[in-house]
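Undergrad: Below are the C-alpha cells for one structure; questions will follow.
Protein chains: 2
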Amino acid sequence: MTLIVQKYGGTSVGSIEKIGRVADKVAAQAKTGDKIVVAVSAMSGETNRLIELAQTMSLKPHARELDVLVSTGEQVTIALLSMALNDRACEARSYTGSQIRMLTDNAHGKARIKDIQCDRIRSDLDAGRVVVVAGFQGVDEDGNITTLGRGGSDTTAVAIAAALNADECQIYTDVNGVYTTDPRIEPKARKLDTITFEEMLEMASLGSKVLQIRSVEFAGKYNVPLRVLSSFEEGEGTLITLEEDNVEQALISGIAFNKDEAQLTITGVPDYPGVASKILGPVTAANIEIDMIVQNIADDGTTDFTFTLQRSDYETASKLLTQVKDSLGAKKVIGDVEIVKISLVGVGMRSHAGIANTMFDSLAKENINIRMISTSEIKISVVVEEKYLELAVRTLHAAFGLDSDAASKSR
Amino acid sequence: MTLIVQKYGGTSVGSIEKIGRVADKVAAQAKTGDKIVVAVSAMSGETNRLIELAQTMSLKPHARELDVLVSTGEQVTIALLSMALNDRACEARSYTGSQIRMLTDNAHGKARIKDIQCDRIRSDLDAGRVVVVAGFQGVDEDGNITTLGRGGSDTTAVAIAAALNADECQIYTDVNGVYTTDPRIEPKARKLDTITFEEMLEMASLGSKVLQIRSVEFAGKYNVPLRVLSSFEEGEGTLITLEEDNVEQALISGIAFNKDEAQLTITGVPDYPGVASKILGPVTAANIEIDMIVQNIADDGTTDFTFTLQRSDYETASKLLTQVKDSLGAKKVIGDVEIVKISLVGVGMRSHAGIANTMFDSLAKENINIRMISTSEIKISVVVEEKYLELAVRTLHAAFGLDSDAASKSR
Chain A
1 MTLIVQKYGG TSVGSIEKIG RVADKVAAQA KTGDKIVVAV SAMSGETNRL
51 IELAQTMSLK PHARELDVLV STGEQVTIAL LSMALNDRAC EARSYTGSQI
101 RMLTDNAHGK ARIKDIQCDR IRSDLDAGRV VVVAGFQGVD EDGNITTLGR
151 GGSDTTAVAI AAALNADECQ IYTDVNGVYT TDPRIEPKAR KLDTITFEEM
201 LEMASLGSKV LQIRSVEFAG KYNVPLRVLS SFEEGEGTLI TLEEDNVEQA
251 LISGIAFNKD EAQLTITGVP DYPGVASKIL GPVTAANIEI DMIVQNIADD
301 GTTDFTFTLQ RSDYETASKL LTQVKDSLGA KKVIGDVEIV KISLVGVGMR
351 SHAGIANTMF DSLAKENINI RMISTSEIKI SVVVEEKYLE LAVRTLHAAF
401 GLDSDAASKS R
Chain B
1001 MTLIVQKYGG TSVGSIEKIG RVADKVAAQA KTGDKIVVAV SAMSGETNRL
1051 IELAQTMSLK PHARELDVLV STGEQVTIAL LSMALNDRAC EARSYTGSQI
1101 RMLTDNAHGK ARIKDIQCDR IRSDLDAGRV VVVAGFQGVD EDGNITTLGR
1151 GGSDTTAVAI AAALNADECQ IYTDVNGVYT TDPRIEPKAR KLDTITFEEM
1201 LEMASLGSKV LQIRSVEFAG KYNVPLRVLS SFEEGEGTLI TLEEDNVEQA
1251 LISGIAFNKD EAQLTITGVP DYPGVASKIL GPVTAANIEI DMIVQNIADD
1301 GTTDFTFTLQ RSDYETASKL LTQVKDSLGA KKVIGDVEIV KISLVGVGMR
1351 SHAGIANTMF DSLAKENINI RMISTSEIKI SVVVEEKYLE LAVRTLHAAF
1401 GLDSDAASKS R
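Protein chains in written order, with our numbering: chain A, 1 to 411; chain B, 1001 to 1411.
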C-alpha cells in the first residue's frame, strides 16, 4: 500500500469539468488501494478575482484580512473536489489550512510552514478516505489565517508529504515533466525521467519555471521524492530525487536560459579593498537584485567590474553606477540590455573535467562570442548576445548529447 | 459605554461601495466609544452563485462539503469590511465561525448554535477593536464547518449579543422598521417604534418577513433587545422587546397577511373520534404543512373539515383528500386557491374583549365574507377571498386606529 500526496494547480482545477476529471483520476487511483492526500489550488483566475476585489475595496489591503479573503479561493476548490469524489463512491473529506492546523509563522502573504498536525489526515486515510487539503494556506499560533504566497500549493503538498512520510509527492501541472531545455527553442528537447533536487533548483531559478523553488528546497531538505506530471496527459513525468539514487548520472541534465537579463560594466576602477561593495552598495540599497558578478584581476592598478541584473532595473542601476563612477574616479560605465544568460546544469560536472572547455569550444565554432562566464559546482553560465540564444542553446544541446535522437545518453 | 452587535444582510453589503458605506457607519459609531461587533452575510448573489457551482458539480452535493463551499461567501465579506474599517483608522479584526468557535450541532445546512467562546471577541473589544464576524456559519465539535441555513446571519448576531450580554442587537435591513401592515397594500401603514417578541413572531410567520423567526425566538429566549433598522436611511427603526417593557400597550400592533394559501374542505365526514387524524394523516405523511384547521360541531352525525396549506401543495393534497373521502365515506372535497389569510396581531388582545367582533363587523360592513376563522391568544386570523385583500387590510387598519394620521394610538 502506497501513500501518495498529489497536488493539482489552478489550471488543473480551472472549471467544474476539470475538477470532475481530477476526481476521476483520484478515485481510480484510490480504488487500487493507495492512500491519497490531494492538495489543490484555487480555480484559475479566482485568486486574481479576489485580489482585484481587495484592491477595489482598499488602496493598501490590510495584510491579515487579505489572507482571510484570498484563502477562500482554495476553500471553494476543496469543497467542489470532495463533492465530486463522494459522488464517485470515493469517500473524501476536505480540510482548510486551519482545520489540519498547517501551522505557519504570522508573515501574512508569505508565511512559512512550521508544523503540521497529521492526526486527522491519518485517521481519515486509515478509514479509507481521500483527504483533500487547501493548498497555499495555513494558520498562525493565534489562529489567524495565513497564506504562503503565490505557488504555495506546491509547498503545501511537499510539507504534507514530508510530515506523513509519504512514498511520493506528485505535482500535476500543465507540462508533462522537466525538459533538457525549452522545447520552444530546441524542438529536440527531451523529457528527463529523473533529475536531482540540486539540478532542479538551478533549472528553476534559471527560468524553467515548473515548480516553485521553495517546494523543491523543502522536498530536498526532507528527502521527499517529488514527481512532476501532466494533469491532462498520461505519463510518468519527471522524478526529482536525491543524487545518491542515480548511479548512472548523466553529465549534463539540461540547459537553462534567462532572457530577462541586462549587463552593466564599470571600467578603470581603482583597485583597493572594499571597492566592490562601494560599487554594488548603492545598487542593492535601491532594492535591485544582482545576478552574476565578475571582476578580473587588475594589472595596471585598475579593474573592470561587471554584473548582470533584471532588465527592468537597468535604467535605474545605470544612473546609480554613473554617480559611483565619478566618486570612485573610474573610467566609464558601459552596459547592454540585449544579452541572454545560458547555463549548463548537471551534477555530473562535479566528477567530469573538460565540460567548460567543450561548452566554450562549441560556442566558438559557431562564432558566438562569450561576454561573461560564471561557474558553480553544478552549473556553468555564460552571457552572450541575445540574438544568439536559439543557436547557442541548440549547439550546446547537441554537443552534450541531450537531443532526443541521441539515445546513448538517455536515462 | 455601550456594547452593540450589528448585523448587515446581503443587500447592505452587496457591493464594494455598499461595504464602504457600512464601514463609514460602523467607524463613526466606534469613534463615539461604543464597543461594536458586526455580523455580516455574504454579498447579495454570492450564496446563490456558490450553490449553483455546487449544483453544477454534483446532482446531490455532499452536505458537509456544501457548507465548506457556501461559508466562503461570508468569509469574503468579513475580510473586505475589515479592510475598509482599518482604512478608516478604525482597527478591526475579522473572524470566521470556526475562529470564534461558534459551536453548533452537526446538522449541515441547518445547524443550531450550542455555544460561543467570547474570549477573543472580548479581548479585541477591550483593545478598542471592532470585531467583524461571519454570519450564518459555525463549527461542530469535530471542527467541521457548518452553516445555520438561509437567514442564519440574524441568528448569529443575536447569539453573539446574548453571549456578550450586549446592550442591543441591531439588524440592518433594506426596510426601516416593522410596519403595522405592508405599506404596498395600505399606504397609511405606520412604522412601529416598538413591538413585542411574541407579536413579532406572529407578524413574521404571517408574511411580514423582516427578520428570521429563529433569531426572534432566540432574542426572546435570552432577552436580547433587538432593533430592526435600515442600512440606507437614518432612523431609530423598531425595537423588539419583552412585553413587560411596554406599559402603554396598544390594542393591535399590526395586520399581517399571507397570499400563499389555499383552502381545502372535506364535507359530510362521519364524525367519530380519530377522524381528524385519518383526514390529515396522508397529507402530513406527504410532507405537506398544514396551517389553519377548522372543524365544526357535527349536528347530523357528519362534520365538515377545513384546512389551509401552501398554494403549491394544493394539487397533491387535493388528490390525497379525494382518496380519504372515499375510504371514509365522506361527501365531497371542495377547495379554493384564490384565498388570503389576514391576521390581527397584538398582545393587547389578551386584556381587551370585543376585538374579534370589531374585526368581523368591519369586514361585514364592506360585504367581505369570512370563510374561516381561527384565533390564538394574541392573534385573530380570517380567510377571505383573495380579491378582498387590499380592501380588508385597509378596512381593519383604519378600524383599529393604525393609520398614520390616527395620532391617538401612536406609540
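Ideal Cβ positions, reconstructed from N, Cα and C, are used throughout, including at glycine. Note that the coordinates shown come from a computational prediction; the quantities given were computed from them, not determined experimentally.
(1) Against chain A, with Cβ distances strictly below 9 angstroms, would residue 1087 of chain B count as a contact?
(2) Given residue 335 of chain A, which residues of its chain have a CB within under 7 angstroms of its CB, disregarding the five upstream and five downstream residues?
(3) Would DSSP call residue 1385 of chain B helix, strand or coil?
(4) With C-beta atoms as the reference, is residue 78 of chain A less than 9 angstroms away from residue 121 of chain A?
(5) Any residues in the segment 87-117 of chain A with a beta carbon nearer than 7 angstroms to a beta carbon of chain B? Which ones, in chain order?
(6) Kindly give me the distance between the Cβ atoms of residue 1200 of chain B and residue 1178 of chain B, rounded to whole angstroms, as I take these residues to be in contact under 8 angstroms.
(7) Once DSSP output is grouped into helix, strand and coil, what is the label at residue 1259 of chain B?
(8) Got a sec? Which residues, its chain only, sit under 8 angstroms from residue 1329 of chain B by beta carbon, not counting five neighbours each side?
(9) Using the beta-carbon of each residue, which ones in chain B are nearer than 7 angstroms to residue 75 of chain A?
(10) With a floor of 3 residues, list each beta strand (DSSP E) that falls wholly inside the segment 149-188 of chain A, ordered by position along the chain.
(11) Using a Cβ distance threshold of 8 angstroms, determine whether the segment 179-194 of chain A contacts the segment 141-158 of chain A, with at least three qualifying pairs required.
(12) By the three-class DSSP mapping on this structure, what secondary structure does residue 145 of chain A have?
(13) Starting from residue 77 of chain A, trace the alpha helix (DSSP H) in both directions and tell me its first and last residue.
(14) Can you name the residues of chain A whose CB is closer than 9 angstroms to the CB of residue 1302 of chain B?
(15) Of all Cβ atoms in chain A, is any one closer than 9 angstroms to the Cβ of residue 1047 of chain B?
(16) Quick check on this structure: which residue in B:1001, B:1003, B:1012 has the alpha carbon closest to the alpha carbon of residue 1229 of chain B?
(17) Take the Cβ of residue 1354 of chain B as the centre, count every other Cβ of all protein chains shown within 10 Å, and call the residue buried at 16 or more, exposed below.
(18) What residues are listed by DSSP as bridge partners for residue 1222 of chain B?
(19) For residue 295 of chain A, which option in A:289, A:276, A:310 has the closest C-alpha, if you only look at C-alpha atoms?
(20) Compare the C-beta of residue 82 of chain A against all C-beta atoms of chain B and say whether one is closer than 9 angstroms.
(21) Looking only at its own chain, which residues have a Cβ that is under 8 angstroms from the Cβ of residue 365 of chain A, when we skip the five neighbours before and after it?
(22) How should residue 7 of chain A be labelled, buried or exposed, when 16 other C-beta atoms within 10 angstroms of its C-beta is the threshold for buried?
(23) At a cut of 8 angstroms, does the segment 1347-1361 of chain B reach the segment 1280-1292 of chain B through at least three beta carbon pairs?
(24) Where does residue 43 of chain A sit, in a helix, a strand or coil, going by DSSP?
(25) Is it true that the CB of residue 1062 of chain B sits closer than 9 angstroms to the CB of residue 83 of chain A?
(26) Which of the three DSSP states is assigned to residue 1282 of chain B in this structure?
(27) Taking all protein chains shown into account, do 16 or more other C-beta atoms lie within 10 angstroms of the C-beta of residue 1215 of chain B, making it buried, or fewer, making it exposed?
(28) Looking at residue 1035 of chain B: is its Cβ nearer than 9 angstroms to the Cβ of residue 1059 of chain B?
(29) What span of residues does the alpha helix (DSSP H) with residue 1317 of chain B cover, start to end?
(30) Quick test of the definition: if touching needs 3 or more C-beta pairs under 8 angstroms, does the segment 92-109 of chain A touch the segment 1127-1135 of chain B?
(31) Whole angstroms is fine: what's the gap from residue 46 of chain A's alpha carbon to residue 1242 of chain B's?
(32) Against chain B, does residue 145 of chain A count as a neighbour if the rule is that its beta carbon must be under 9 angstroms from one of theirs?
(33) Is it the case that the Cβ atoms of residue 1097 of chain B and residue 1137 of chain B are separated by a distance below 9 angstroms?
(34) Using three-state DSSP, classify residue 1402 of chain B as helix, strand or coil.
(35) Could you compute how far the alpha carbon of residue 16 of chain A sits from the alpha carbon of residue 1075 of chain B?
(36) Suppose you measure from the CA of residue 1411 of chain B to the CA of residue 1181 of chain B; what does that come to, to the nearest Å?
TA: Result, derived from the coordinates:
(1) yes
(2) 262, 263, 264, 265, 314, 318
(3) strand
(4) no
(5) 87, 94, 98, 99
(6) 7 angstroms
(7) coil
(8) 1270
(9) 1068, 1072
(10) 168-173
(11) no
(12) strand
(13) 72-87
(14) Near residue 1302 of chain B there are no residues of chain A at all, since even the closest Cβ is about 54 angstroms away, more than 9 angstroms.
(15) no
(16) B:1012
(17) exposed
(18) Answer by DSSP bridge pairing: none, since residue 1222 of chain B is not bridged.
(19) A:276
(20) yes
(21) 395
(22) buried
(23) no
(24) coil
(25) yes
(26) helix
(27) buried
(28) no
(29) 1314-1328
(30) no
(31) 47 angstroms
(32) yes
(33) yes
(34) coil
(35) 22 angstroms
(36) Residue placement at residue 1411 of chain B is poorly supported in this model, since its pLDDT is 38, which falls under 50; the coordinates still yield a value, given next. Going by the C-alpha atoms only, they are around 15 angstroms apart.
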